[in-house]
Amino acid sequence: MMYSLFHPTTIVALLFLHGSAAWVSSPGPSISRTNPLQMALGLKIGKSYTPKWKKQKTLVETEGDINPQDKGIVGTTRIVFKCGEASISTLASPGDPIRDVASQAGQFIKYGCGKGECGTCESKCGTSYIKPCIAVVPGDIADGEDYVIEVKEVKNKARSSGKFYSVRSFLMGFYNNVLGMFAFVKTRKSANNNYNDRIEFEAMIARKAAERKAKVDMKD
């Protein structure tokens, strides 16, 4: 019986061959990136793959640090977020949540609990510290004075690899499948033992019930 090209077994085999080739081969200008899976399914995998999903850039990233009023943002207080040597300014009104103000300005702040308890987002503001997840713009800021918030620098930001899969993810998936099959066999063996014990116990009960009934019939 001939297998179809799109049979699940064929696709898994081609994926395994592609992952193995990418693992042992070293890139070079003379090596072709074409592989059987790409030829069979017409897919672009590896460096030639371009993801269709991309992170949408904020207004600050696309337009730069322009006047907040030109962005359509209204407010009476100028808020300045400082993160290392970079700074972002925007406008806000008294009572506005700092979290929302930072989001509209495109300022990244790492949050934890979101309740002001863990201190992950704690930022310096003047001589004191605030928690942007629960803090609001104060109403006692003098006219013409900036409300400066110094945000913690984040060294490692999560980035999408933009790949449909990687060799490591393929190997880990295979490893998890092996563990799952092993657990299935082990559980099935235990279930069979429990089933056999139950059958033997029921047979013993039926046998004793039959013996007791026979004794009663003999007395009658």
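Once you know that position 180 of the sequence shown is 193 in my numbering, the rest is easy, because the numbers rise by one and skip nothing.
Quick reminder that beta carbons are idealized off the backbone N, C-alpha and C, glycines included.
This one's a predicted model, so the numbers in the text were calculated from it and none came from an experiment.
query                                                                                                        : result
V229 classed as buried or exposed, judged by whether at least 16 other C-beta atoms fall within 10 angstroms : exposed
Cutoff 7 Å; reference I154; Cβ partners in own chain excluding five residues on either side                  : T90 and Y160
Reduced DSSP secondary structure (H/G/I, E/B, other) of T133                                                 : coil
Cutoff 7 Å; reference V114; Cβ partners in own chain excluding five residues on either side                  : I92, T103, A105 and V150
Y124 and C134 closer than 8 Å at C-beta                                                                      : yes
Buried versus exposed call for V167 [16 or more other C-beta atoms within 10 Å across all chains shown]      : exposed
Inter-residue Cα distance where the pair is C190 and L184                                                    : Note that residue 190 corresponds to Asn in the displayed sequence, not to Cys. N190 and L184: Cα-Cα distance of roughly 10 Å.
Inter-residue CB distance, C146 and R112 (contact presumed, cutoff 8 Å)                                      : 6 Å
Cβ separation of E163 and S203, assumed to be a contact under 8 Å, to the nearest whole Å                    : About 59 Å; that fails the 8 Å criterion.
Member of Y208, Q117, G152 and K144 whose CA lies at the smallest distance from the CA of E130               : K144
Burial state of Q69, where buried means 16 or more other Cβ atoms lie within 10 Å                            : exposed
Cβ neighbour criterion (16 or more within 10 Å) applied to A148                                              : buried
Cβ-based burial, A222 [other Cβ within 10 Å; buried from 16]                                                 : exposed
Buried or exposed by the 16-neighbour rule on C-beta atoms within 10 Å, applied to I212                      : exposed
Cα-Cα separation between G186 and N205, rounded to whole angstroms                                           : 28 Å
Own chain, CB closer than 8 Å to G152, minus 5 neighbours either side, in chain order                        : P107 and G108
Strand pairing of V161, partner residues [DSSP]                                                              : V93
Euclidean distance between Cα positions of G88 and I122                                                      : 21 Å
V149 (DSSP reduced to helix, strand or coil)                                                                 : strand
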